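Heads up, the sequence shown is in the numbering used here, so the first residue is 41 and it goes up one at a time. C-beta atoms are modelled at their ideal positions from N, C-alpha and C, and glycine is treated no differently. As the structure is a prediction and not an experimental result, all values here were calculated from the model.
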Amino acid sequence: MPLHRLTAITIGVPNVAETIAYYSEFGLGAQPGGWLASTDGGRQLRVVHAPTRRLIELRIGAEHLDDIAAIAHRLRAAGALADESGTSLNTVEPVTGTRVVVEIAGPIQQPPTPATPYNGPGRIERGTGRAPGVLRETTVRPRKLGHVVVGSTDYEASIRFFTDLIGFKVSDRIKGHGAFLRCSTDHHNVLVLHAPVTFLHHSSWQVDDVDEVGRGAATMLADHPERHVWGLGRHHAGSNFFWYLKDPAGNFSEYYSDMDCIIDDQLWSPETLEGARGLFNWGPPPPPSFLAPDDLAEIMTGAHQPG
Ligand SMILES: [Fe+2]
């Protein structure tokens, strides 16, 4: 596909140093300029100052200059900003005010995780011995940025922007609430949710497997139980295992593994999910603050007009 991945996000927070320290503990490598790097994706998160927490910029990788030219053409035809410079294109998602940059980027290189043997009824995969997942002692390090979720006051308009103009595809919808969109073979890279105010709901980071989801969250919670938001569970849309934690600015950060991939668009039928299915397949019930974070009223009173 012309678009093939998320490259990076920039988030704005009031407490930059504290937030960088959190994501560094989360397993990303701190670099100069407020950047944090994942193992396979490199610099994928930048933390800058903003009066209230928000997603400032979303960067998307494209394969060819022709792809960028086609997006620019669609944006201009729709009367939207399309600022082309060299190998990238800047625009703004009009409802949330998020800067969207489409740039030429190489494919992400992910050395495959060695297959982990799992025993099951009638299936002793690992012979005599303990599960590898309980023997690991290394720090959990996210492999790549997987997706970002934003609240929009007009989610249908935001979804149209990402699909009709930028070129995302719809993977599934949540009835009356939003849509899972992809710009890669992952089930979703962007989820736009109906919300009373523009805000960043969460960023999500891929780890090797469910043991890494659990180990990562357990380490983050050891001295900071207040960081816990929701987990461990498995989503229905995308099928990924999840555990959500809260950063010091109030943004959620998710460890995930085992997400569905859509290699062949012809073989995937988007569904409209209703009720709890839109949220999860199994796990503890989500806390009310997952859908409506505690600081939404604060964000609304401090909210700036997008643009
Ligand atoms: Fe997520």
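Contacting residues, own chain, Cβ-Cβ under 8 Å from W308 (five flanking each side not counted): Excluding the 5 residues flanking it on each side, W308 has same chain C-beta neighbours closer than 8 Å at S211 and I302, in chain order.
Per-residue DSSP class, three states only, for Y158: Coil at Y158, not helix or strand.
Limits of the unbroken alpha helix (DSSP H) element including I339: Segment L336 to G342, the alpha helix (DSSP H) holding I339.
Separation of R45 from P154, as counted between CA atoms: Going from the Cα of P154 to the Cα of R45 covers about 23 Å.
Nearest-angstrom Cβ-Cβ length linking R86 and T50, presumed shorter than 8 Å: So it is a contact: roughly 4 Å between Cβ atoms.
First and last residue of the uninterrupted beta strand (DSSP E) at A70: Counted as a single uninterrupted DSSP element, the beta strand (DSSP E) harbouring A70 occupies residues G69 to Q71.
C-beta atoms of H275 and F320 nearer than 8 Å: Yes, they are a contact pair.
H242: first and last residue of the uninterrupted beta strand (DSSP E) it sits in: That run of the beta strand (DSSP E) goes F239 to Q246.
Three-state secondary structure (DSSP) of Q345: Annotation note: pLDDT 46 at Q345 (below 50); position unreliable, coordinate value reported separately. Q345: coil per DSSP, three-state reduction.
Residue nearest to V188 in terms of C-alpha spacing, selected from R181, G254, R255 and R99: Per the Cα distances, R99.
Residue range of the unbroken alpha helix (DSSP H) whose run includes H113: That run of the alpha helix (DSSP H) goes L105 to A117.
Rounded Cβ spacing between A145 and T131 (contact assumed at less than 8 Å): Between A145 and T131 a beta carbon distance of about 17 Å is seen, past the 8 Å cut, so the two are scored as non-contacting.
Classification of G290 by the beta-carbon crowding that lies within 10 angstroms, buried from 16 upward: Around the C-beta of G290, 16 or more other C-beta atoms lie within 10 Å, and the residue is accordingly described as buried.
Beta-carbon proximity check, G256 vs Y296, cutoff 8 Å: Taking 8 Å as the Cβ cut-off, G256 and Y296 do not qualify as a contacting pair.
Closest residue to G278 among F208, T238, S244 and H228 (Cα-Cα distance): Nearest option by C-alpha distance: H228.
Segments of 3+ residues assigned as beta strand (DSSP E) that fall wholly inside the stretch 243-326: Listed in chain order, they are 268-274, 281-286 and 292-297.
Test item: CB-CB of V140 and S128 under 8 Å: Not a contact, by the Cβ cut-off of 8 Å.
H234 to E165 span [Cα, whole Å]: Their Cα atoms are separated by approximately 45 Å.
Enclosing beta strand (DSSP E) for E97 [first to last residue]: Unbroken beta strand (DSSP E) run through E97: R94 to A102.
V53, DSSP secondary structure in three states: For V53, the secondary structure class from DSSP, reduced to helix, strand or coil, is strand.
For F66, the three-state DSSP class (helix, strand or coil): Note: F66 maps to helix in three-state DSSP.
Limits of the unbroken alpha helix (DSSP H) element including A197: For A197, the enclosing alpha helix (DSSP H) covers residues Y195 to R200.
Secondary structure of V174, DSSP reduced to three states: When DSSP states are grouped into helix, strand and coil, V174 belongs to the helix group.
T225 versus Q306 - alpha carbon distance: Rounded to whole angstroms, T225 to Q306 spans 13 Å at the Cα level.
Candidates Q149, R114, V250 and R222, of which the one nearest V174 by Cα: Comparing Cα positions, the closest option is V250.
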